[in-house]
Every structure is written in structure tokens, then in C-alpha cells.
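Letter by letter, the sequence shown follows residues 824 to 982 in my numbering.
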Amino acid sequence: MPKTVTPKSFGAPLGMYSHGMVAPAGEIVVVAGQVGMGQGGQVAGGDVVAQTKQALDNVRAVVEAAGCAMRDVVRFQTFLTHAGDIDGFMKARAEVFPPYFPDGAYPPNTLLVVSRLVKPELLVEIEAMAVKPAQAAKASRRAAKLTKRARAKKRRRSR
């Protein structure tokens with residue numbers, strides 16, 4: 824599990840993030856920017872709180888599809904389209920983060936305000952990076968090898 828890093832000369836972070844994080848060896852999972860759109864392609868509400876919650880849920884879905892959990896995330900990068908939405912973004916994180924990070928070890932987060940996202944109605948986009956624990960990575964590679972061997976064996980039989 825990743826561990827937070829805070830230099831002795833630094834003060835506490837200004838929000839729900841850490842200054843740095845160290846992760847044990849494993850596979851890196853890179854999550855493309857996720858926006859506040861649900862599975863049907865509909866924007867989740869017209870405010871940044873709803874869109875942030877949806878974007879984080881989308882990040883969670885990708886992270887879990889890769890065999891990780893949110894506690895394996897070691898970095899977020901967030902893009903907001905309005906500086907006035909920072910408080911709403913922080914509110915959404917305060918509601919969503921405690922179950923994802925019950926020990927309070929929040930990943931570093933870079934927050935940027937940009938002029939626009941891919942669709943004008945989108946207010947937030949969140950990228951993430953996770954580290955799949957070495958044991959889980961090794962197990963998934965082993966399973967992939969077994970699956971590959973089983974497919975090859977089936978092809979040989981069908982000839």
C-alpha cells in the first residue's frame with residue numbers, strides 16, 4: 824500500500840491530498856481524464872459537486888477494472904473550468920474520499936483551472952495513476968499466461 828511523504832520543513836497539506844507518495848514495486852495503472860458523465864453519456868448534474876462525484880466514480884471503475892482499489896492510487900491531476908468551483912470540488916472530495924481512503928492517506932493532487940474541457944457543459948476532469956501491488960500484478964500475469972495457454976491448446980485440438 825502506498826505511503827504518504829511529507830518533508831519535515833513542510834506544513835500540513837491545504838486539503839485532502841498529500842505532498843508526495845511512495846508506492847511499493849508493481850505495475851503502473853494510468854487512468855485517462857475522467858469527466859462527470861455516466862454510462863449513458865449524460866452529464867451528471869449541472870454543478871461541479873455532482874460532476875466531481877461522477878468523475879471520481881469513473882476513475883474508481885477504471886482502477887478496479889485494472890485489478891486495483893482506490894487506495895492504490897498514487898496521484899490525481901484535476902482540471903476545473905472555473906476557479907469559483909474549487910469549493911464545490913473540495914466538498915465532493917470530502918464526501919467521497921473517506922470510504923476510498925479510510926486511513927486518511929490521500930494521494931497527491933494537482934489542481935488546475937483551464938478555459939474549457941472537451942464539451943462546454945463539463946466542469947471537471949480527473950486523471951489518476953495507481954500502482955498495482957506486486958502480488959496482484961504477478962497473479963494477473965500468471966492468469967493471463969494460463970488463459971493464453973488454454974486458448975492455444977484449444978486451437979490445436981480444433982485442427
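Cβ atoms here follow ideal geometry from the backbone N, Cα and C, with glycine treated the same way.
Below 8 Å on the Cβ atoms is my guess for residue i versus residue j; work out the distance and round it to an integer in Å.
| i | j | result |
| --- | --- | --- |
| Glu950 | Ala855 | 7 Å |
| Val897 | Val954 | 6 Å |
| Arg894 | Tyr929 | Wrong, their Cβ atoms sit about 10 Å apart, outside the cutoff. |
Look at the Cβ atom of residue i, then the Cβ atom of residue j, and state whether they are nearer than 8 Å.
| i | j | result |
| --- | --- | --- |
| Thr970 | Leu935 | no |
| Val866 | Gln857 | no |
What is the rounded straight-line gap between the Cα of residue i and the Cα of residue j?
| i | j | result |
| --- | --- | --- |
| Glu948 | Gly838 | 18 Å |
| Pro830 | Gly849 | 24 Å |
| Ala917 | Arg939 | 25 Å |
| Pro956 | Gly907 | 37 Å |
| Gly843 | Arg978 | 48 Å |
| Leu945 | Gly890 | 28 Å |
| Ala915 | Val845 | 25 Å |
| Gly927 | Val919 | 12 Å |
| Gln877 | Gln958 | 30 Å |
| Asp910 | Arg972 | 52 Å |
| Lys976 | Val882 | 36 Å |
| Gly869 | Ala888 | 28 Å |
Can you tell me whether residue i is buried or exposed? The criterion is at least 16 other CB atoms within 10 Å of its CB, across all chains shown.
| i | result |
| --- | --- |
| Met824 | exposed |
| Val853 | exposed |
| Phe833 | exposed |
| Ser841 | buried |
| Gln862 | exposed |
| Val872 | buried |
| Val937 | exposed |
Out of the options, point me to the one whose CA is closest to residue i's CA.
| i | options | result |
| --- | --- | --- |
| Pro943 | Pro930, Gly927, Gly859, Lys876 | Gly859 |
| Arg847 | Tyr840, Thr827, Gly863, Asp926 | Looking at the sequence provided, one finds Pro at residue 847 rather than Arg. Nearest C-alpha to Pro847: Thr827. |
| Pro931 | Ala915, Met952, Lys914, Gly868 | Met952 |
| Pro836 | His905, Val919, Thr933 | Thr933 |
| Asp880 | Gly869, Ala892, Ile851 | Ala892 |
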